[in-house]
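S.K.:
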Amino acid sequence: MRSSSSCEKLLQDNDIELDESLPQREPLRETRRRRFTEFLLGFSLVVNVLLFVYLMTRSSSTCINPQLLYCEFILPVVLNLLGPETWVPFLAPAQDVVEYEVIKFRGGLFNSNEEPDIYSNPPSDEVDAAWEDLYNVFGISAIPRESAVLLPNETIHVPGDKSHYLVGLDVFHQLHCLNRIRKALYPVYYPPDEREDAETRARHLSHCVNSIRQSIQCSSDISAIVFEEDTRPLFEIVHSCRNFTKIREWAIEHRARISKPGKDSEMYGHA
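Using the numbering used here, the first residue of the sequence shown is number 13, and each one after it goes up by one.
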């Protein structure tokens, strides 16, 4: 009878060779993550279908698409998983007209070789007209109900027309805000609006500053600013931009008309 000391292991650790051709088991953590992602996408699809059916079948009302928990929690997760390009048509009615173009910015701070454009000039009637032409009158648009039901936020129908709903592209709101800040730089030329007290004017300006800040962070332009030999930044660089003319034309085509008692239909613009 052999002693235990004389027994030899049938297999030594260094004799074991794994056949790499054999299928390897997926790590448990990766399996769980994949299944959770599949569940989340499936759940989101079901919620979207149910929400779409609900919005399309319910009776028309003054307000549509109130804020839902869906918009607060589910939509951001899906945006991260699938990418925003999948959902942009739901968030932006004018997405169909978006085109991109390369534009070189003007108005450098140091050693600019170009004349400043009209928007940078001191106050005048001509400058005011140029600024207001960017956003005024057509700043508020009307879209059909079938487009409005896709919006994640609440809006109202055009007074007297329940087949169209009011929206405003945020670019025109931002331009309105920027113009208000510009005017605040010249208090002598632009005296305070008597309809607003000092507190209201300050609150309006604060709103505009914060709104523009959020818009800048949201778009997060990553165009590269370059430097000259004296290490001064050169701001007159090229950017990839949405074609503003196309978006402006869309807004003009879809501008809202408001019927007021005793008056003909009027354009409803951004004051």
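We treat Cβ as the ideally placed atom computed from N, Cα and C, and that holds for glycine.
I believe Leu178 touches Ala154 by the beta-carbon criterion, under 8 Å. Please report the beta-carbon distance rounded to the nearest angstrom.
M.R.: 6 Å
S.K.: Please confirm whether Cys220 and Arg192 have their CB atoms less than 8 Å apart.
M.R.: yes
S.K.: Tell me which residue opens and which closes the alpha helix (DSSP H) that Ile228 is part of.
M.R.: 210-231
S.K.: Taking the beta strand (DSSP E) that Thr167 belongs to, which residues open and close that run?
M.R.: 167-170
S.K.: By alpha-carbon positions, which one of Ala106, Tyr131, Asn165, Ser218 ends up nearest to Arg267?
M.R.: Ala106
S.K.: Using the Cα positions of Ile264 and Phe51, report the straight-line distance between them to the nearest angstrom.
M.R.: 43 Å
S.K.: Thinking just about the alpha-carbon of each residue, which of Ala160, Cys253, Ala236 is nearest to the one in Leu246?
M.R.: Ala236
S.K.: Please classify Ala154: does DSSP put it in a helix, a strand, or coil?
M.R.: strand
S.K.: If you measure between the beta carbons of Tyr147 and Phe184, is that distance less than 8 Å?
M.R.: Yes, the Cβ-Cβ distance between Tyr147 and Phe184 is below 8 Å.
S.K.: For Cys75, does the count of other Cβ atoms within 10 angstroms reach 16, so buried, or fall short, so exposed?
M.R.: Low confidence applies here, because Cys75 scores a pLDDT of 45, under 50, leaving its location unreliable; read the following figure in that light. Label assigned to Cys75: exposed.
S.K.: Assuming the contact rule is C-beta atoms closer than 8 Å, Gly285 and Ile224 should be a hit. Round their C-beta distance to whole Å, please.
M.R.: Absent from the structure is residue 285, since the part of the chain shown begins at 13 and ends at 283.
S.K.: Just curious, the alpha helix (DSSP H) that Glu261 is in, first and last residue?
M.R.: Annotation: the continuous alpha helix (DSSP H) that includes Glu261 extends over 256-265.
S.K.: Find the nearest neighbour of Arg260 within the set Lys116, Val149, Glu158, Arg46, judged by alpha-carbon distance.
M.R.: Out of Lys116, Val149, Glu158, Arg46, the CA that lies nearest to the CA of Arg260 is found in Val149.
S.K.: DSSP beta-bridge partners for Glu113?
M.R.: Cys253
S.K.: Please name the residue, chosen from Tyr202, Tyr112, Ala196, that lies closest to Ala214 on a Cα-to-Cα basis.
M.R.: Ala196
S.K.: Spatial neighbours of Glu113 within its chain, please: CB distance less than 7 Å, with the 5 preceding and 5 following residues excluded, ordered by chain position.
M.R.: Sequence-distant partners of Glu113 (beyond 5 residues in either direction) whose C-beta falls short of 7 Å from its own C-beta, in its chain, are Cys253, Asn255.
S.K.: From the DSSP output, read off the bridge partner residues of Leu178.
M.R.: Ala154
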